[in-house]
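All remarks here apply to the structure that follows.
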Amino acid sequence: MNYQGRKPKNLFLFDGKHRVVYTDGSCINNGRFDARAGIGVYWGEGNNLNISERYDGKQSSQAAELGAAIKALKIAEKKGFFDLILYTDSDYLYKSMTQWIYRWMKNGWRDVRNRPLSNKDLFEELYNLIEKTGTNIRKIPAHSKIDGNERADSLSRRGARQDYPSVKL
1 MNYQGRKPKN LFLFDGKHRV VYTDGSCINN GRFDARAGIG VYWGEGNNLN
51 ISERYDGKQS SQAAELGAAI KALKIAEKKG FFDLILYTDS DYLYKSMTQW
101 IYRWMKNGWR DVRNRPLSNK DLFEELYNLI EKTGTNIRKI PAHSKIDGNE
151 RADSLSRRGA RQDYPSVKL
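By the UniProt record's numbering, the letter at position 33 of the sequence shown is numbered 33, and the numbering carries on one by one without gaps.
Here it is as structure tokens:
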């Protein structure tokens, strides 16, 4: 293809007929009082829907992973993207949404030790978005040089280094 010196903007990734998005969450100083979480959402090279931002919820890597997926699926819902494939390198996100969630819902959102589930609100929101958009979550290996995953990882790490937006009072 000849782009005459310019790359096209707003390209999307596809796997067959399915639109693809890569998501990642990261957290600097995870588990500490000064933790800083960020999210990355990667739709494709030069796409203006790509996101790198500070996560505004609980400052942990697990919450940021869920937050990135939620952000991607909110965009998908708003834009009318259905039958999406969401790639993640997070075992926590993948197993939560493909295996454990059904048991949690059946058990009143309690874990295997019968304690209230951490991040319940995020799981409920993500589950509802998955159902609405017909999203299929797929697990990919972390740090495996898959371009979309590397891009989402870079976006999430950059987001964790950002400050929260300032608010004028």
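Quick reminder that beta carbons are idealized off the backbone N, C-alpha and C, glycines included. Since the structure is predicted, the reported quantities are computational estimates derived from the model, not experimental observations.
Nearest-angstrom beta carbon gap, residue j and residue i [assumed within contact, 8 Å]
i: HIS18; j: ILE70; result: With a Cβ gap of about 19 Å, HIS18 and ILE70 do not count as contacting.
i: SER156; j: ASP24; result: 4 Å
i: SER26; j: ALA160; result: 5 Å
Backbone secondary structure at residue i - three-state DSSP
i: THR135; result: coil
i: PRO8; result: Any reading at PRO8 must be qualified, since the residue scores a pLDDT of 48, below 50, and its modelled position is unreliable; no value is offered.
i: ILE75; result: helix
i: LEU122; result: helix
i: LEU155; result: helix
i: ARG113; result: coil
i: ASP91; result: helix
i: LEU84; result: coil
i: ARG32; result: coil
i: SER60; result: coil
Inter-residue spacing [alpha-carbon to alpha-carbon] between residue i and residue j
i: TYR94; j: GLU131; result: 15 Å
i: LYS139; j: GLY38; result: 20 Å
i: GLU65; j: LEU13; result: 20 Å
i: ASN48; j: VAL41; result: 11 Å
i: ASP89; j: ALA35; result: 21 Å
i: TRP104; j: GLU150; result: 31 Å
i: LEU11; j: GLY44; result: 5 Å
i: ASP83; j: TRP100; result: 22 Å
i: ALA63; j: ASN30; result: 11 Å
Which residues DSSP lists as bridging residue i, in chain order
i: GLY38; result: SER26 and ARG54
i: HIS143; result: Answer is none; HIS143 lacks a bridge partner.
i: ASP15; result: HIS18
**Contact between the stretch 46-53 and the stretch 117-131 (3+ Cβ pairs under 8 Å)** = no
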